[in-house]
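Student: In this note's numbering, the protein residues as written are 1081 to 1225.
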Ligand code: ZN
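(1) Give the DSSP-derived three-state secondary structure of residue 1129 in the structure shown.
(2) Buried or exposed for residue 1141, going by 16 or more other Cβ atoms inside 10 Å?
(3) Quick one: which unbroken beta strand (DSSP E) runs of 3-plus residues sit fully inside the segment 1129-1175? Chain order, please.
(4) I'd like the span of the beta strand (DSSP E) that includes residue 1114, first residue to last.
(5) Confirm the yes/no value for this check: CB of residue 1082, any heavy atom of the ligand ZN, distance under 6 Å.
(6) Taking 6 Å as the cut-off, is the CB of residue 1126 close to at least one heavy atom of the ligand ZN?
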């Protein structure tokens, strides 16, 4: 099987997986909206002691945005904030420079959406939401110092 077929398969599998689509007891919620495609996905995070204890999503989106969100959740669930920040940085570097990173695991296949400029917003939607949440967390932590 060539890499393109694997990419299609992993994308569809993640898009159809609804185990992460649920309400959770979240203290950080961020909605991502991509009007050009109609994706409307809200990330819910339960962060305690600098750890992502639980994470889920709600809303609707195309196959790429829902697959990307599902992969994000599977990758950062249970990680601490520093690890999540590192993954986020690697993700945007992968998208920008078309690089592969071991830490990103199957998320690496999302770099193939770079070939479709109209869909990049679908891929990055929830990652931008995560970025907003991590920035909020940083501001909050800094205000304690
Ligand atoms: Zn989309």
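All C-beta atoms, glycine included, are put in the ideal place defined by N, C-alpha and C. Keep in mind it's a predicted model, so treat the numbers as computed, not measured.
Tutor: This is what the structure gives:
(1) Taken through DSSP and simplified to helix, strand or coil, residue 1129 comes out as coil.
(2) A residue is called buried when at least 16 other Cβ atoms come within 10 angstroms of its Cβ; residue 1141 meets this threshold and is buried.
(3) Counting only unbroken stretches of 3 or more residues, the beta strand (DSSP E) elements lying wholly within the segment 1129-1175 are 1131-1140, in sequence order.
(4) 1108-1114 is the span of the beta strand (DSSP E), which, as asked, contains residue 1114.
(5) No, the Cβ of residue 1082 stays beyond 6 Å of every heavy atom of the ligand ZN.
(6) Checking the 6 Å criterion, the Cβ of residue 1126 is out of range of every heavy atom belonging to the ligand ZN.
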